[in-house]
Structures are given as structure tokens and as C-alpha cells.
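Protein chains in written order, with this note's numbering: chain A, 16 to 441; chain B, 349 to 899.
Beta carbons are placed, not taken as given, at the ideal position from N, Cα and C, and that holds for glycine.
If you're wondering where the values come from, they're calculated on a predicted model, not measured in any experiment.
This report concerns only the one structure given below.
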């Protein structure tokens, strides 16, 4: 049976290429599905409406968005499991894997009933019992062209697998075993995050589909099956607050704008790209907004990052070092910055500048003057010394034109002073 | 005849419905089942109390932000700390935007397709013919000339309204993540406030996105007004689709920054000062608006659920709340979560949802409850853009792309699937205006620049045995977190969420609101009856969130 894709958007002119995506949720919070709905590059509509020329039409079977309920929904899953679908399919697993194959009665996560599972298949359950999601994983994973675990629950186990759990939860790799390969020879692909950044998932999905359809190579993955181009960096490396760490300046309480390590951020050792990519359309991202990283993309989350809001022990060493060296660097940079924020035309006039906002450079002390002299000499060495050239440049005649024309203005600066950020505050 | 919808699609989380149909196809009996369990309440025990917010909120990826804020409120009560005014206002903005992310998807992707062109053509061709010749009264607002144009717009993914909802939901997400860091599961909620670094650019980015909802929420309300009236006029029996008694429970939402003080003792006062008023309504009659009286009436039952009963196993921990109201052994502060998986029996234990009741009654939660109680209580004073009108809630819409105007949500005469959806659309209006007003308030506080213009207040974690509770709400309404802490470690943590109230039976066998709504639904499709379209409309009008419900 070739599964009927009507109801998936394309009614009349069916494109030749179609790939089915079967979403298997169980033991999840649906947050990964919600993250997927928020993806923009590509978006869900891009895929199901066949908007991207080099990609096939995506028929996405998902209990949260599908038209059909009950057996009408699960029939396509069964067709994929018994090989009668007539088109390639990918399996996406959201949520931890419950240890419910060990249960003689009962379930911890279900999809349909035992009667919906393919006849004579490897999954076993009586027709009258609910079909466990794990039954479907067993039935579908070996035939799937690729299997993707979305979110930290499906990848590593996540919160349902944390200390004290009573469900025996685990990640998909643990359940399927290291020997698992999809029908096209791919091990489990892991896109972690609690919840994952939506684009991380849809981008990985299309990368895999492009490989399956032969239009691109399989991109690199790391030793844990994470998309290498997304997870090969610590989140700290791209963090907008990392510069504070470099200069040894740290937030003391939530809401402070400096590096968050001392209020409990694990960013320096966590592999994640959310500050670089943003949470959606390059906006937000945990530390961008002021949230400390709690390691939600990592194996061992949450226990290995608990208690939250407490500085990681490692930060005492690295943070201490950065306070000493970074503090020195910061002072040197501020010294260099005495020469910054000044146009050569202002330097020549020997004034702070034409600003009414109150910039006051003051006079340099002798040490600073010597410093600046050698700094410039080094900077322009082997090149052209624009500092010397600028000293000879004539001043424009129409500077301060209002005063030249005798136009009087109220020179009160009281309002402005209230709104001033002074250089020393940097 | 027995039918099973395993699972019911286009709801959040895993929901199954088993129904007994009489020969006409009407469900004479219906059983809702939550089919997943993860054990969040069990996992939270014996954890550092500092982990509560980020763990408990992950019970639900649809309402995670609401749970995070609720957990923060519970911890603030135990730590005796309240955030500065600015922090509270920013939290309000965040909570309101959460609805702007969720409601469009609920209205136009989960419920909407049931009213779309392909579905109506397939189930009620005569309605489609009527829709084609019926002008849409709200055309000036939403731009769709006929009811059939609205139905075409609701077609899943290809329809303009369907696609617009995804885009608008993402617009709201952009605003959300500026404050919350990410979505779902914000990363900036802390006891004592919020860890967001809010600068003028952040407030502006958020404001500009909320502003887009000034127009979009009006459009959503106009569309659901038009659809609802069209169905009512086509066939009066549509009043019965998803019908249920007017029993509502809500804990209110959006704290008045100048009134909230995180104490249980003053919770009646700060509760009534909220932008939406807490309350209980039985058979259309307002019972109370005081949070302690709402809370002390709550009991949870597990007769039909895969849990062992905890009552009788040890003494209740909290026999009286801090105000002296007596608490039952079935009150969340006294509840223990004792999971016991088993073979589901339709008329026995069959669901992972518990059955919370208020003074023994099955209550409905959600945007309808929120609007109805706020309208009936008439407690709102001096709010910038909304006021109770005596028969509903009146909203003053500032000019955006559409001109300034007033619109009003009316307390409906019958409560059913259409009214639930309509209320959700007006909840979008309400949430937009709450976000808008709180951003303006935040701008003011930032300008003043005093101690209340920060985002965070210091706290210390008591070593003693302490209890706390968060009273809050999400897109679907009622959320409470009850916590017991001993030596800075969580001794007990209990979550009650909106769908928990509506989706499971108690020991009396009285149908839960969702089941009752299914059983009230007549068969009105003239074609394709096997689709049970009106039953699906009834279920989806609740916007069930099974992830929250079972945790």
C-alpha cells in the first residue's frame, strides 16, 4: 500500500518525491514537538507544503498535528513497520524510553492498541492491551531509513531517567543498543536539548533526508551521534557574556549583566549552540537573556548539573584565575580606551569633542602619554602613521557654526546628565 | 457499539477516548484516558529545593513557562521573598506572551481543522453550501468575505489562517525568548524574581511583537465569533456540541506588582488583585474569589487511576492551611504519589490522570473559566484596557494597524465547544492587553529607577520544615504547585494542572467534564459519520494538555 498523502496539503499534483516522518512520543512533555513547531529554518510548513525545491514532500505523522485519530492514524505507522508504506520513512522519537517491556500488565506510554501493531511482528502485546510506544519502536526502528532522537529525554534519558525515577527510563540508544543501524546503515542520530532549539532539529532532519535522497553527503556527527556542526562547541565560546569572563567580571545575582558562572552557569563545559543561533530567529538564547546554563543538552542532565543556581566547583579555579589575569587585561584595555571615542579633529582642537553630553577626557598623566605614544608607534609600525598625518590636517572653518552665526541656545545640561552612562562604568 | 480513539490526535500529549455508541451514533458513555506517566512528583522528592523550578516545569513542554512561574511562587512562599515590582511586571509579560504562543496554535492548528473546508465538505455538505452564501460579519476586521472563506482558511497547513497562526505563534516566541531565553522551558525564572537582563531594546522588541497581537487577537476573536454564530444559526443543536454545566475553577493570573507579597496569609488579597480573578463557579453561581477558600476545597481522587491510594497510609502532614482552613487528607499538601501500572479496565482503573474535585464537584478549567470568573466577580479596578461590563468583559483596543475600538466578550447562555473556542480567542485579546499594559508599567518603573525597578530580591533558604504553594495558571488555566521542604530538600511536591481536572472520573463514577461534553454531543454530521467530527470538536475545544495532566 502506498500511503495516501491527501490531507497533507498537496491534493492534485503529487510530487514524485515523498518522505514520511513518523513521530513517536512517549514519556515526553511534548516540548520537543512544540520546539519543532517553532522552527523557522526550515519551518514545518516549508516541509509539509513542499516549499523547498531540493527536498521531497514531507508527510509528517504526528499525534499532535495529524488529521486522523485512532486506527486511521496508526495504520500508517503499521504500514511503515511492515514495509508496505511504499515510500521511505524516518522515525523520530521524542521522550524517554520507559522500561515497560518488562511489565506484564500495564504501560507507561502508549500509541494505539495491540491490534494496531503489524501482524506477526516482533512487538508483542495482546490486541486488547494498549500498544506501548516501545512496541512501536521495536517494530519500526529496524525498517526506518533513519532514526532521530529529539530532545534530551530521547537522546540520553533526561529528567524521567534522573535519580529516584520509578519508570526505569533511558535514552533511545540505550534501548536499541550500540549495534543498532537503520535500514540505510545509520546509527541513532541525537538532537539533544530540553527543549531543543527547533532549527537544530529541522536542519538535521533535512540534512539526513538530503543524504537519503542522494543529493548530499551525510554531514559529520560526533561520537554520541550529535550533529557535529551544531554541538562541537561549548556554549560559552559563543556566549555574549564570555567577554566578561575574559575580563574577570561576574554577575553577583540574577539580573546582573555580566558572566553568569558564579550564579550557577555551566556554559564553559556544556555543548550547545543556543547563544549563537538564538532560541528562534536569532533572538533570545539562555545566557543572552540572562539565564544561567543548567546543561540541558547534556548526558547526565539534570543530576550532573544539580543543584541549579549554585556555582560549579570548576568556576572557583577558572573564575579565580580570570579575575586575576582578566582584571589586569581589563585595566590595560580601559587605558587604551582613553584614546578611543575621540575623532582626530577633536584631538587637534585639544578639546573633549563637540558633544553636549559631557564627554570629558581630562588630561593624560605622563605615564599615559608615554603609553599612548609607544602604542601608536607600534600600531603604525611598518605602515603609515595616521596619527602624525592627522596632526597636520587643517581644522574645518565651519566648526561650531551656531556660535559663529550668533544663534543663542539654552545651554542647560541638567536633563542630559541624568541619562548619562560614563566611561568609567564600562 | 464500542469505539476507541487511541489516540485522539491534535491534542497536547497522549489522550485516548473509549465510547459506547447508541444506534444513532451518539455516545451514551465515554471514558477519557491519559496514557502516559513519567513520575515528576516522585522524582522531585529528595531533591535540592533549588532544582524545583527547572525540574517541575519540565513536566509539560506546552505549559512549561506557566509551571516554572507557579513553582517560583511556591518557593517564594517558603523562602518568604517577593520580587521587586519590575520583576513581577516582567513575569506578567512573560506569562501573557505564553498564551500568545499557545492560543493561536490551539485555535487554528488543533481545533481549527475541524471547521475547515475539507472537513465540513466531507461531513456536512449542506453546511458548506450555506457557508458559501453566508457573508462573514467580521470582514472589516479579518478580511474574509464569506464563512466559506474562513473555513478555507482553517484548512490544515494550506489554509491562510492555519499558516498565519504558525507565523504569529513564532512572533510571540520571539518576544518570549527575549525575556525567557528559550521556548518552551524558559531559563530565567528564579525565586525572588527573574534573572533576565532587561534593557530598553528588550522592552522595545517585546512591545513591538505584542503590538502585532493588538490586531491579530481582534482578528481571531472576530473569526470565532463569525464561525460560532454561523453554526448556531445553521442548526440550534450546535449549542449542544460539547455542552457542559457552568462549573468553573481558576486561580487567577498576572499579579498586581504592588500587591503580591508571596505570603499565604495575604493570598486572598493579592489573588483578587490579579488581572484575572481567581474563583469558583458552581452552576453559573460565583462561590468565592479567595485563593485559600478555593485551595482548601480541592481534593484528589485516584479510584480510577493507576495509583495506590495514600489515604490511610500515615497521617496527613497539613491538616490546616496557614489561615486555619481545614484540609482534607486528599488535599494536595497531603497527597502522595504512589504509581501502580496495570491493565486498563474501562470501568475500573484506566488512566494516569488523577481526578481533582472542588468540594466534590467536577470543575472545568481554561480560558473560559478565566474570563467568566473575572467577568462575574467584578473585582477588576483601574486596569488600563479591560473592565467587567456586568454581562461580560469589555476590552479597549488601542490603535495599531486597526483603529482604536472596544470589543466585548459576553458570558454565554450555553456553555459548549463553540463557546470554549470563542473564549480562547478572547483570551488571546485579554492576554495581549495584559502583556501590553505590563510592558508600559515596566517602562514606567524603569524610568523611576528605585529599589522596585530591579528584577530580583535576595532570599535565604530556611532549614526548617516549611510548606508553600504556587497559585497560578497557564493557557489552559488552573495550575497549582504544593511543596513541602525539610532541611532544604523537597519532602513532597504536588502538581495540579488544568486538564487533570477535566479528564478523569472520581470514585463516584460521575463523568469528568470532558467525558460529559462528549456524551452531550449530538450526531450532526450528515456524511462521514465514522469521523465523529462533533465528538472531536467537543474534545478539542478543551485544548486538553495530557502532558501536564499526568506528569
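{"query": "Alpha helix (DSSP H) runs wholly inside the stretch 170 to 258 of chain A, at least 4 long, in chain order", "result": "187 to 191, 213 to 227, 243 to 246"}
{"query": "Residue 893 of chain B - partner residues in DSSP beta bridges", "result": "B:360"}
{"query": "Euclidean distance between Cα positions of residue 225 of chain A and residue 161 of chain A", "result": "12 angstroms"}
{"query": "Residue 374 of chain B and residue 831 of chain B closer than 9 angstroms at C-beta", "result": "no"}
{"query": "Bridge-paired residues (DSSP) for residue 677 of chain B", "result": "According to DSSP, residue 677 of chain B bridges with nothing at all."}
{"query": "Residue 17 of chain A burial status per 10 Å Cβ neighbour count (16 or more: buried)", "result": "Confidence in residue 17 of chain A is poor, its pLDDT being 36 and thus under 50, which makes the residue's placement too unreliable to answer from."}
{"query": "Residues near residue 206 of chain A by beta carbon distance below 6 angstroms, same chain, minus five either side", "result": "165, 215, 216, 219"}
{"query": "Positions along the stretch 521 to 532 of chain B whose CB lies within less than 9 angstroms of some CB in chain A", "result": "521, 522, 523, 524, 525, 526, 527, 528, 529, 530, 531, 532"}
{"query": "Residues near residue 809 of chain B in its chain [Cβ-Cβ closer than 7 angstroms; skip 5 each side]", "result": "397, 427, 836"}
{"query": "Contact list for residue 37 of chain A against chain B, beta-carbon separation under 9 angstroms", "result": "Near residue 37 of chain A there are no residues of chain B at all, since even the closest Cβ is about 13 angstroms away, more than 9 angstroms."}
{"query": "Residues sharing a beta bridge with residue 298 of chain A, DSSP", "result": "A:295"}
{"query": "Residue-chain proximity (residue 246 of chain A, chain B), Cβ-Cβ < 9 angstroms", "result": "no"}
{"query": "Neighbourhood of residue 529 of chain B by C-beta distance below 7 angstroms, restricted to the same chain and skipping five residues each side", "result": "535, 536"}
{"query": "Minimum Cβ-Cβ distance from residue 456 of chain B to chain A less than 9 angstroms", "result": "no"}
{"query": "Simplified DSSP state of residue 17 of chain A, which is helix, strand or coil", "result": "Confidence at residue 17 of chain A is low in this model, with a pLDDT of 36, below 50, so its placement is unreliable and the value that follows should be read with caution. Residue state, collapsed to three classes: coil."}
{"query": "Within 9 angstroms, strictly: CB atoms of residue 903 of chain B and residue 416 of chain B", "result": "Residue 903 of chain B lies beyond the range of chain B shown here (349 to 899); nothing can be said about it."}
{"query": "Residue 48 of chain A, enclosing alpha helix (DSSP H) - first and last residue", "result": "46 to 53"}
{"query": "Residues near residue 749 of chain B by beta carbon distance below 6 angstroms, same chain, minus five either side", "result": "563"}
{"query": "Cβ-based burial, residue 332 of chain A [other Cβ within 10 Å; buried from 16]", "result": "exposed"}
{"query": "First and last residue of the uninterrupted beta strand (DSSP E) at residue 744 of chain B", "result": "740 to 745"}
{"query": "Reduced DSSP secondary structure (H/G/I, E/B, other) of residue 309 of chain A", "result": "coil"}
{"query": "Stretch pair the stretch 104 to 118 of chain A + the stretch 351 to 366 of chain B: three plus CB contacts closer than 8 angstroms", "result": "no"}
{"query": "Residue-chain proximity (residue 104 of chain A, chain B), Cβ-Cβ < 9 angstroms", "result": "no"}
{"query": "Length at least 3, wholly inside the stretch 573 to 607 of chain B: the beta strand (DSSP E) runs in chain order", "result": "596 to 598"}
{"query": "DSSP beta-bridge partners of residue 367 of chain B", "result": "B:351, B:378"}
{"query": "The stretch 839 to 847 of chain B contacting the stretch 779 to 798 of chain B, beta-carbon criterion three pairs below 8 angstroms", "result": "no"}
{"query": "Cβ-based burial, residue 845 of chain B [other Cβ within 10 Å; buried from 16]", "result": "buried"}
{"query": "Simplified DSSP state of residue 26 of chain A, which is helix, strand or coil", "result": "Caution is warranted here: a pLDDT of 33 is assigned to residue 26 of chain A, below 50, making its placement in the model unreliable, and the coordinate value is therefore given only provisionally. In the structure shown, residue 26 of chain A sits in coil (DSSP, three-state: anything other than H, G, I, E or B)."}
{"query": "Against chain A: residues of the stretch 378 to 393 of chain B by CB proximity under 9 angstroms", "result": "381, 383, 384, 385, 386, 387, 388, 390, 391, 392, 393"}
{"query": "Own chain partners of residue 56 of chain A with C-beta closer than 6 angstroms, once the 5 adjacent residues on each side are dropped", "result": "214"}
{"query": "Distance, residue 385 of chain B Cα to residue 898 of chain B Cα", "result": "6 angstroms"}
{"query": "Contacting positions in the stretch 49 to 66 of chain A - beta carbon closer than 8 angstroms to chain D", "result": "Looking at the structure shown, chain D is missing, and the protein chains on hand are A and B."}
{"query": "Residue 499 of chain B, buried or exposed, once every other Cβ within 10 Å from all chains shown has been counted against 16", "result": "buried"}
{"query": "Cβ neighbours of residue 28 of chain A in the same chain (closer than 8 angstroms, five flanking residues each side left out)", "result": "Only weak support is given to the placement of residue 28 of chain A: the predicted model assigns it a pLDDT of 42, under 50, and the question is left unresolved by the model."}
{"query": "CB contact check: residue 81 of chain A to chain B, cutoff 9 angstroms", "result": "yes"}
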